[in-house]
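Okay, so here's the structure we're looking at.
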Amino acid sequence: MTTTDLSSLQQQIDQAAEQIAEEVIAWRHHLHENPELSNREVETEAYIVEQLKGIGIGEEDITTGVGGHGVVAYIRGGADGDEDKKTVLLRADTDALPVKEDSGESFASTKVDKDYPGGPFPIAHACGHDTHVAMLLGASKILFDMRDSIHGDIMLVFQPAEEGPPQGEPGGADHMVAHMTEQGFFEPKPTMAFGIHIGAGPVGAIGYSVGVQNAASETVKITVTGQQVHASTPWQGIDPMPAVGDILSNIGQIYRQVDVKERFAISLGHIVDQGRFNIVGNQVEIWGTVRSVDDSVLDDINKRIERYVGHLAEAHGCKGEVEFLDQIPPVVNTPEWVEAVLPVYKHVAGDNPVSEIPVSMGYDDVSEFIARFGGVYALLGGQDVRYNADGSVELTHESSRGLVPNHSPKFYVNDDALAYGVRLHAHIAVGHLMGDVNSADKGVDK
Ligand SMILES: [Zn+2]
Ligand SMILES: [Zn+2]
Numbered sequence: 001m002t003t004t005d006l007s008s009l010q011q012q013i014d015q016a017a018e019q020i021a022e023e024v025i026a027w028r029h030h031l032h033e034n035p036e037l038s039n040r041e042v043e044t045e046a047y048i049v050e051q052l053k054g055i056g057i058g059e060e061d062i063t064t065g066v067g068g069h070g071v072v073a074y075i076r077g078g079a080d081g082d083e084d085k086k087t088v089l090l091r092a093d094t095d096a097l098p099v100k101e102d103s104g105e106s107f108a109s110t111k112v113d114k115d116y117p118g119g120p121f122p123i124a125h126a127c128g129h130d131t132h133v134a135m136l137l138g139a140s141k142i143l144f145d146m147r148d149s150i151h152g153d154i155m156l157v158f159q160p161a162e163e164g165p166p167q168g169e170p171g172g173a174d175h176m177v178a179h180m181t182e183q184g185f186f187e188p189k190p191t192m193a194f195g196i197h198i199g200a201g202p203v204g205a206i207g208y209s210v211g212v213q214n215a216a217s218e219t220v221k222i223t224v225t226g227q228q229v230h231a232s233t234p235w236q237g238i239d240p241m242p243a244v245g246d247i248l249s250n251i252g253q254i255y256r257q258v259d260v261k262e263r264f265a266i267s268l269g270h271i272v273d274q275g276r277f278n279i280v281g282n283q284v285e286i287w288g289t290v291r292s293v294d295d296s297v298l299d300d301i302n303k304r305i306e307r308y309v310g311h312l313a314e315a316h317g318c319k320g321e322v323e324f325l326d327q328i329p330p331v332v333n334t335p336e337w338v339e340a341v342l343p344v345y346k347h348v349a350g351d352n353p354v355s356e357i358p359v360s361m362g363y364d365d366v367s368e369f370i371a372r373f374g375g376v377y378a379l380l381g382g383q384d385v386r387y388n389a390d391g392s393v394e395l396t397h398e399s400s401r402g403l404v405p406n407h408s409p410k411f412y413v414n415d416d417a418l419a420y421g422v423r424l425h426a427h428i429a430v431g432h433l434m435g436d437v438n439s440a441d442k443g444v445d446k
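For what it's worth, the UniProt record's numbering labels the leading residue of the sequence shown as 1, then goes sequentially.
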């Protein structure tokens, strides 16, 4: 492959992205109006398959039901090349959130999931995963049409349950990876993983971190067990509530026991008790999350949580237990990978800023793919603002909704952002398979 061949493919990508822009927007609006919660992405899965087939991808190259309602599809390059064939894994997450949408969009969701555990819940694509799916479908269409000029394969991964499955159900990237491993999807191993998250920032602006981009995360379940009794005779039982109170007020001491330079957060946000005004309940569950930029700090924090829970419960005659669930590794962009993708980011962003951004304490389980195969995660802006030279934010027009964070009922994405995402996926794929978007870092076997 000569440089001219590569640049002609790059031109084709940019032209095709413009030509299919309206179609990608239509896909996005359909997905947005029909959101589904984590592990319930039944119609989303069917819609993805319908579009992949419409693009021309054969049934034999589409697998459904992967790790729940996940879809994996292949675009197989038909061109010969001097080097060994590579495989680039492009990932989009597909699930929505239990949020009542207040975005003001004409295609806003009015859906409610009546049967979801803990529900009924209104549902909205308040994290923008509808745009992720539409962008990856758009890139699939472009890459499929140029497959005969590509040396190497593209693995399309539409991943469910990124926001976390209901408690007790397997789901999310780790479940999908386990399922894909079992089914032989990783033989041979993909040589790069790539994903995009849309968010609060100017349309077309691309952000990245060198090193940790998204924190490691886990769910903490604390169970304090006493002994149920009539509330009029508490001495005949064991009340778990005072131990719970002590745990809640003392857990904050951990911030004073870990080096102030470390970045982490502990939040206990949900309590389930079994008592009543006239019953001292038997058991209380406390649910929370821990986030940390560093895995070893997370381990240290966990030991401290266990110590507090065990001893404070014991002090009140109760039993305290801690479980750490849904452990998700941090998203790490190694300096080598960042260097390799930066020219692509700059090409795609054009006049929009490409900037290094601080680490986010929000997790993203795309880390399960990037940690195994190497690669990077890009953050794409999708809102009606621009940055001034001094870093302040200006609205692009009077009725702009400004910067609205993901997960807010008012979260919105300007459709103009979609073409940037389509081009990012397609350029990264072609750049990796046929150009110099490469790094010696190929992830670690887990
Ligand atoms: Zn989210
Ligand atoms: Zn998200």
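Beta carbons: idealized from backbone N, C-alpha and C, even for Gly.
These numbers come from a predicted model, not from an experiment.
By the C-beta density criterion, Ser-367 is buried, having at least 16 other C-beta atoms within 10 angstroms. The closest CA to that of Phe-373, considering only Glu-18, Gly-402, Val-42 and Glu-187, is found on Glu-187. Secondary structure note for Ile-428: its alpha helix (DSSP H) is the uninterrupted segment 417 to 434.
With distances taken between CA atoms, Trp-235 lies nearest to Gly-317 out of Asn-214, Gly-164 and Gly-317.
For Gln-15, the number of other beta carbons within 10 angstroms of its own is below 16, and it is reported as exposed. For Gln-274, the secondary structure class from DSSP, reduced to helix, strand or coil, is coil. Scanning the stretch 286 to 371 for uninterrupted alpha helix (DSSP H) segments of 4 residues or longer gives 295 to 315 and 335 to 349, listed from N- to C-terminal end. The chain-ordered list of residues whose CB is nearer than 6 Å to some heavy atom of ligand 1 reads Cys-127, Glu-163, Asn-406 and His-407. In this structure, the C-beta of Asp-93 approaches ligand 2 to less than 7 Å from one of its heavy atoms. Around the Cβ of Val-272, a 10 Å sphere holds fewer than 16 other Cβ atoms; the residue is exposed. Take Val-229, set aside five residues on each side of it, and the residues of its chain with a beta-carbon closer than 6 Å to its own are Gln-236, Gly-237 and Val-280, in chain order. The three-state reading of DSSP puts Leu-136 in helix, counting H, G and I together. When secondary structure is reduced to three states using DSSP, His-32 falls in the helix class. Between Leu-9 and Val-72, the C-beta gap is not smaller than 8 Å, which leaves the two residues out of contact. Between the C-alpha atoms of Gly-207 and Ser-355 there is a straight-line separation of about 5 Å. The Cβ-Cβ distance between Leu-37 and Asp-93 does not fall below 8 Å. Annotation: the continuous alpha helix (DSSP H) that includes Val-42 extends over 42 to 55. Straight-line measurement puts the Cα of Gly-252 at about 13 Å from the Cα of Val-260. Per DSSP, the beta-bridge partners of Met-155 are Tyr-74 and Leu-89. When His-30, Gln-51 and Gln-283 are compared, the shortest CA-CA separation from Thr-110 is found for His-30. His-151 has its Cβ no nearer than 7 Å to any heavy atom of ligand 2. According to the DSSP secondary-structure assignment, Leu-97 is paired through a beta bridge with Ala-124. Rounded to whole angstroms, the Cβ separation of Ala-200 and Val-404 is 6 Å, and the two are in contact under 8 Å.
For Ile-25, DSSP assigns no beta-bridge partner whatsoever. Distance between Leu-89 and Asn-438, taken at the CA atoms: about 13 Å. Per DSSP, the unbroken alpha helix (DSSP H) holding Leu-248 starts and ends at 241 to 250. Shortest gap from the CB of His-129 to any heavy atom of ligand 2: under 7 Å.
Here Val-210 is not bridged, per DSSP, to any residue.
In this structure, ligand 2 has no non-hydrogen atom nearer than 7 Å to the beta-carbon of His-29. Annotated three-state conformation of Pro-202 is strand, per DSSP. Ranked by Cα distance from Asn-388, the first of Trp-287, Pro-202 and Leu-268 is Pro-202. With a cut-off of 8 Å on Cβ pairs, the stretch 54 to 72 is in contact with the stretch 133 to 149, counting three or more such pairs. The three-state secondary structure of Tyr-116, taken from DSSP, is coil. Taking the Cα of Ala-216 as reference, the smallest distance to any Cα among Asn-302, Ile-150 and Asp-95 is reached at Asn-302. The secondary-structure analysis by DSSP pairs Phe-194 across a beta bridge with Leu-90 and Val-376.
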